[in-house]
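Report on the structure given below.
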Amino acid sequence: MTAINWFSLLHPVLMILFVYPVVGATIRLGLLVRERRLGITNQLAAVPVEHSDHGRWLTVAVVFTVLIAFVYSFLKIWFEPAEPFTGGVLRLALLLLVAAGSFIAVVALSVVKKPALRAIFALLCWAGLLGLGSEPEIWRVSDNPFNTSFWSSHYWIGVLLTGLLLFSLAARPEIQNSIRMRRLHVTSNVLVALLLAVAAITGTRNLLW
Ligand code: HEM
Ligand code: HEM
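Take the sequence shown: its position 28, counted from the start at 1, is 11 in the working numbering, and no numbers get skipped.
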């Protein structure tokens, strides 16, 4: 195994070791928040705060681990002697800068309070991920959602679910205060749970190639 081979394992290993266990805890805490609000069971006052904090860790961890996958895909071509890296060192540096900017955006999103700032950092982060993903080094399978292979694209499944997590992180106060937002939150996160399962399947499949 070369250094770049080990680097290729970082994204799947972090997903399995850190992200998926936090997903389980977040879903469990979300259900407890609901039971508490509806008075079905007696839950501690800390439960909603814990759910929200787990959601924050989950979103930041997913963005970080997705960025590692992108950086790996660029570096793999960079270190490939047979294929010259289009744009050379300047383009590589720019791509790494966008990756760093996207990470800074999600960290900023998890601390800012003003609605406009939350919207801006969420959009900046997601635009960074979409921008990096649109580069030719990234294997997207298909860009047409009406084509069935689009839904087997690990990339598209990954960026869609990351976008929905960023939306939850950006809308935390609104989810707490409005019943309509809570409904939207639960619906969008049922979809996230489904997409997380598809990401696990398509990601494991990618390891075969
Ligand atoms: C794995 C995905 C997630 C699931 C399945 C989930 C599920 C839920 C559920 C069932 C509720 C209770 C709704 C109710 O009371 O009717 C809830 C509330 C909430 N969720 Fe999530 N959630 C997820 C991810 C997230 C994320 C990523 C965040 C953002 C950091 C987040 C923030 C919140 C907040 C702020 C509330 C309101 C808590 C309160 O009432 O004080 N959730 N969620
Ligand atoms: C939250 C779940 C996940 C998300 C959001 C996600 C997202 C992504 C994204 C956006 C890429 C970039 C595409 C590219 O660089 O070509 C990628 C690459 C990849 N993913 Fe995932 N992924 C997830 C889980 C997994 C899992 C569970 C595995 C395997 C067990 C996996 C294996 C891979 C592999 C092998 C690649 C190719 C690049 C690399 O090895 O770093 N992913 N993923």
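Note that CB positions come from ideal geometry on N, CA and C, so glycine has one too.
Option nearest residue i by Cα separation, candidates the options
| i | options | result |
| --- | --- | --- |
| Gly116 | Ser161, Gly70, Tyr55, Leu73 | Tyr55 |
| Pro31 | Trp109, Ile103, Glu18 | Glu18 |
| Gln26 | Leu78, Lys97, Arg11 | Arg11 |
| Leu78 | Ala105, Arg101, Glu120, Leu106 | Glu120 |
| Phe1 | Leu143, Leu41, Thr185 | Leu41 |
| Ser161 | Arg20, Ala76, Val6, Pro4 | Arg20 |
N- and C-terminal bounds of the alpha helix (DSSP H) containing residue i
| i | result |
| --- | --- |
| Gly70 | First-last for Gly70: undefined, no H or E at that position. |
| Asn172 | 162 to 190 |
| Lys59 | 29 to 61 |
| Ser(-9) | -14 to -3 |
| Leu147 | 137 to 153 |
| Ala99 | 98 to 116 |
| Arg123 | Unbroken run through Arg123: none, as it is neither H nor E. |
| Ile10 | 3 to 21 |
Cβ shell of residue i (< 7 Å), same chain only, five flanking positions each side left out
| i | result |
| --- | --- |
| Arg39 | Ser93, Leu152 |
| Val81 | Gly111, Gly114, Leu115 |
| Ile(-13) | Leu58, Lys59, Phe62 |
| Arg101 | Leu92, Val95, Ala153 |
| Gly141 | Val49, Ala182 |
Cut-off 8 Å between Cβ atoms - residues of its own chain near residue i, not counting five sequence neighbours on either side
| i | result |
| --- | --- |
| Ser(-9) | Tyr55, Lys59 |
Discussion item. Contact between the stretch 97 to 115 and the stretch 41 to 55 is defined here as three or more beta-carbon pairs at a separation below 8 Å; is this criterion met?
Written reply: yes
Practice prompt. May I ask you to verify whether the stretch 133 to 142 touches the stretch 158 to 174, counting CB pairs closer than 8 Å and requiring at least 3?
Written response: no
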